[in-house]
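Heads up: the structure comes next, in structure tokens.
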Amino acid sequence: MGRPIRRLPTAGQWGRLARFAAVGGVNTVTFYLCYLPLHRVLPYFAAYTAGFLVSLTGSFFLNTYFTYRTRPSWRKFLLFPLTQVTNYAVQSAGLVALVSWCGLNSTVAPLLAALLAIPFTYLVSRRILLPGHRTAAADAPGPGGSPDQTAPSPPVRSNEPA
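Written out as structure tokens, the structure is:
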């Protein structure tokens, strides 16, 4: 059989990605403003972890309301940190590699490690904050303007006997 048709991203998908990038910028600044003062009194990895946890909370609310335009819930809030394990692992590995192996300054390395984690973070957070949306077609806005507000399809009725 033929290959599936690949669709180009819609304007809504590009908009969501742009919002995600903007939230990422805010999160990076928040993280860095926590990390720098803590780095003076703690080892770099402990300061990194504390900054990460503070920015994680802000990230949840910004991504919920602004990026994905959905409502926060306790379930999503409790699941969101679990999805960030991937982000944390990628950033942590990047941080250690950049500082230990590449000799990069530990003040700059977290910023580069964060850039490496962006694609992973986007995919994982989308999956948690927009549950059930796994295809490009599912990313299209529904009647309410938001993909998570898509109206359910009415049942199909037939006059033919079963």
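Under the numbering used here, the first residue of the sequence shown carries the number -1, and numbering increases by one thereafter.
Note that beta-carbon positions come from the ideal geometry of N, C-alpha and C, so glycine has one too.
From a predicted model like this one, the values you see are computed outputs, not experimental measurements.
Three-state class that DSSP yields for residue i in the structure shown
i    : result
V83  : helix
C100 : coil
T8   : coil
T65  : helix
L31  : helix
P70  : coil
V106 : coil
Q147 : Residue placement at Q147 cannot be trusted, given a pLDDT of 42 that sits under 50; what the coordinates show is reported in the next sentence. Three-state DSSP puts Q147 in a helix.
G130 : coil
Candidates the options: closest to residue i by CA position
i    : options                 : result
N61  : A91, A112, A107 and G22 : G22
L114 : Q11, L127 and V94       : V94
F75  : S90, G92, V88 and L54   : L54
G112 : F18, T26, L40 and A19   : Strictly speaking, residue 112 in this sequence is Ala, with Gly absent from that position. Selected option, being the one with the closest Cα: T26.
Q82  : G56, L34, L36 and R5    : G56
F43  : F64, L96 and F59        : L96
L128 : R5, T8 and R14          : R14
L51  : T65, R38 and L31        : L31
Q11  : G130, A107 and Y120     : Y120
R165 : L102, Y63, L77 and T28  : This structure does not reach residue 165, given that the chain is present from -1 up to 160, and the question cannot be answered.
Residue i burial status per 10 Å Cβ neighbour count (16 or more: buried)
i    : result
A45  : buried
R69  : exposed
A91  : exposed
S123 : buried
A107 : buried
T65  : buried
The alpha helix (DSSP H) enclosing residue i, as first and last residue numbers
i   : result
A44 : Y42 to L60
Closer than 8 Å: residue i CB and nearest the ligand SAH heavy atom
i   : result
F78 : As presented, the structure is devoid of all ligands, the ligand SAH included, so that no description of it is given.
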